[in-house]
Amino acid sequence: MDILTCNAATLSAAVKRGTLSAREVLDAYYRQIDRVNPLINALVQSNREMAYDQAAWIDQHRNRLQHKPLLGVPFSVKNTCGAIGYQPDKGCAGLIGQPSERDATVVARLREAGGLLLGLSNTPELSIGYETDNLLYGQTRNPYDLLRSPGGSSGGEAALIAARGSLLGIGSDASGSLRVPAHNTGITTLRLTQGRVPLTGHFPLDCMGLFSQFISFGPMARSIDDLMLVAPLLAGPDGRDPHVPPVPWQTGEPRALSSLRVAWYSDDGIAPPSEDVRRCVTNAALSLQGEVAQLDERRPEVLGQIETLLANSILLGGDEGKWLTDLIQQLDLKRPSPLLLEYLELARQSRLSVTELRGNWMQFDRCRQAMLHFMDDYDVILCPVAATVAKPHGHSYREVRDFSYSICYSLVNWPVAVVPIGRSREGLPIGIQVIAKPWREDLALQVARQLERLGGWQAPALM
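First residue of the sequence shown? That's 1 in full-length UniProt numbering, and the numbers climb one at a time after it.
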């Protein structure tokens with residue numbers, strides 16, 4: 001068995017049988033981390049002593065832990081999650097030195113399932129950015145091309161998993177922070193329906209106010225099978241997050257692929273896709289011809305309106321960036337990172353008043369209604385994750401509209417799976433978004449699994 005490439009179910013089964021010890025799993029993954037992390041700078045905090053203590057306990061009590069679905073499976077989490085034994089800081093000097101008193105709910109659920117926490121992965125300062133760089137830990141590099149970014153803000157997670165330094169990961173997504181890094185690094189991810197997974201333990205604040213409507217934790221992995229195993233373990237109320245209703249996970253027989261109605265588009269009308277992205281998305285969609293009940297090249301008409309509304313109202317925040325300048329002062333950041341300052345310049349262009357915000361919020365709901373009306377005719381939508389492949393470092397904000405493909409689906413809060421479907425001419429990964437109706441993660445994953453046959457994760461040549 002190749003410990004670094006087998007999936008979570010296979011690895012856990014071997015640990016349960018005793019043909020592989022949890023310690024051997026950690027040995028293999030930490031050896032790989034020591035090999036690749038100096039190149040990609042993805043893992044920024046690690047408590048190996050704690051991990052080996054937990055592995056020893058698993059090996060000692062293996063016979064009574066057979067019910068654990070992730071027994072001995074290593075995972076990592078974005079440096080925005082509370083985790084006992086760690087001091088999450090979001091790559092921000094103003095937040096360092098605050099040990100976690102408890103695990104975030106998502107971390108606790110993976111540990112309870114038998115998972116072994118490898119460490120915390122890098123993020124842009126305050127998790128703001130479509131690339132991963134900060135003054136505390138430095139720049140994370142894409143394992144497929146070190147001159148390019150893995151994206152952000154879950155870029156550390158994506159790079160680590162793609163380079164086989166972790167098997168599973170937890171990231172978060174408000175405007176593409178799971179999806180863009182997965183696309184850039186050739187791995188899979190699932191942005192769950194907002195409200196499916198508690199934000200409890202999101203550092204430093206788990207009550208996000210207005211912003212809580214747009215952010216979701218989600219799993220990252222190298223295969224759709226691993227997402228199917230992990231996602232239900234993360235879902236459900238925890239009695240702390242007031243925004244998580246008790247909606248059951250779909251556990252019945254999957255719908256036949258031949259019964260599904262699919263809409264697809266390669267161009268959202270906002271940012272023209274590159275030739276490679278257009279080719280891969282078109283080929284992926286057409287591969288379903290004859291496999292599904294209906295396949296239409298069609299996009300929702302309100303995408304442009306959604307992108308403009310969401311960017312000005314939520315992502316930039318209004319008040320000429322006062323919310324961000326106040327936060328910088330509150331954290332006493334004498335030297336904000338260049339990436340954060342670049343975002344602040346964009347935020348200063350947003351002059352939204354509270355009255356305008358109220359009007360925009362009504363337009364949000366009109367857009368959501370229009371999107372639901374579009375889905376009267378379809379079960380899933382296929383489209384690019386971004387207009388381009390992974391960008392060179394420092395290009396994200398100057399080309400920010402290229403991320404409109406992800407941003408638009410942050411408004412409706414629907415589940416979105418990302419799966420790699422091909423490569424660019426330079427050999428860089430290209431992913432596709434599979435979007436389903438609210439609470440139908442099962443449909444997004446089902447179609448993503450079918451499309452995974454076109455590409456799937458491939459080991460980076462450098463790693």
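Note that the Cβ used here is the ideal one computed from N, Cα and C, for glycine as well. None of these values were measured; they are calculated from a predicted model.
Query                                                                                                                   : Result
Residues near THR282 in its chain [Cβ-Cβ closer than 7 Å; skip 5 each side]                                             : SER266
Distance, GLY165 Cα to MET228 Cα                                                                                        : 21 Å
Nearest-angstrom Cβ-Cβ length linking ASP103 and LEU95, presumed shorter than 8 Å                                       : About 18 Å separates the two Cβ atoms, so there is no contact after all.
Per-residue DSSP class, three states only, for VAL419                                                                   : strand
Backbone CA spacing between HIS373 and GLU49 [nearest angstrom]                                                         : 53 Å
Identified DSSP bridge partners for GLY171                                                                              : GLY218
Distance between beta carbons of LEU160 and SER76, contact taken as under 8 Å                                           : 6 Å
Cβ pair ILE3, TYR29 closer than 9 Å                                                                                     : yes
Unbroken alpha helix (DSSP H) run spanning ASP206, endpoints                                                            : ASP206 -> no alpha helix (DSSP H), and no H or E assigned at all.
Whole-angstrom distance between LEU43 and SER274, CA atom to CA atom                                                    : 31 Å
Sub-9 Å separation of ILE381 and VAL419 beta-carbons                                                                    : no
Proximal residues to GLY115 (C-beta, below 6 Å), its chain only, five neighbours per side dropped                       : LEU70, VAL73, PHE75
Residue span of the alpha helix (DSSP H) that contains GLN363, given as start and end                                   : 354-374
Inside the segment 104-187 only - alpha helix (DSSP H) runs reaching at least 4 residues                                : 105-112, 155-162, 179-185
Whole-Å CB distance - GLU131 paired with GLY97, under 8 Å assumed                                                       : Between GLY97 and GLU131 the Cβ distance is about 26 Å, and since that is not below 8 Å, they are no contact.
Identity of the residues DSSP links to LEU43 by a beta bridge                                                           : SER121
Selection from LEU339, LEU331, GLN330, LEU324 that minimises the alpha carbon distance to SER350                        : LEU324
Reduced DSSP category for THR325 - H, G, I as helix; E, B as strand; rest coil                                          : helix
Sheet register partners of ASP296 (DSSP bridge)                                                                         : ALA263
Classification of ARG453 by the beta-carbon crowding that lies within 10 angstroms, buried from 16 upward               : exposed
C-alpha distance - LEU126 paired with LYS334, whole-angstrom precision                                                  : 15 Å
Helix, strand or coil at VAL277 [DSSP, three-state]                                                                     : helix
Nearest to ARG278 (by Cα), restricted to the options ALA386, ALA174, ASN47, ASN7                                        : ALA386
Contact under 9 Å by Cβ, ILE215 with ASP173                                                                             : yes
Residue(s) in a DSSP beta bridge with PHE75                                                                             : LEU117, LEU168
Under 9 Å between C-beta atoms of MET220 and PRO181                                                                     : yes
Beta-carbon proximity check, TYR405 vs PRO429, cutoff 9 Å                                                               : no
ASP377 Cβ short of 8 Å to the ligand ADP heavy atom set                                                                 : Ligands displayed in this structure: none; no statement on the ligand ADP is therefore possible.
Sub-9 Å separation of PRO143 and PRO460 beta-carbons                                                                    : yes
Those residues which DSSP pairs with ALA22 across a bridge                                                              : Note: ALA22 sits in no beta bridge, so no partner.
Terminal residues of the beta strand (DSSP E) in which ILE432 lies                                                      : 429-436
Buried versus exposed, by CB contacts within 10 Å (16 or more), LEU210                                                  : exposed
Residues of its chain near SER223, where Cβ-Cβ distance is below 8 Å and the 5 sequence neighbours each way are ignored : ASN7, THR188, GLU452, GLY456, TRP457
ILE381, enclosing beta strand (DSSP E) - first and last residue                                                         : 380-384
Helix, strand or coil at THR189 according to DSSP, with G and I counted as helix                                        : strand
Pair within 9 Å by beta-carbon distance, GLY119 and SER46                                                               : yes
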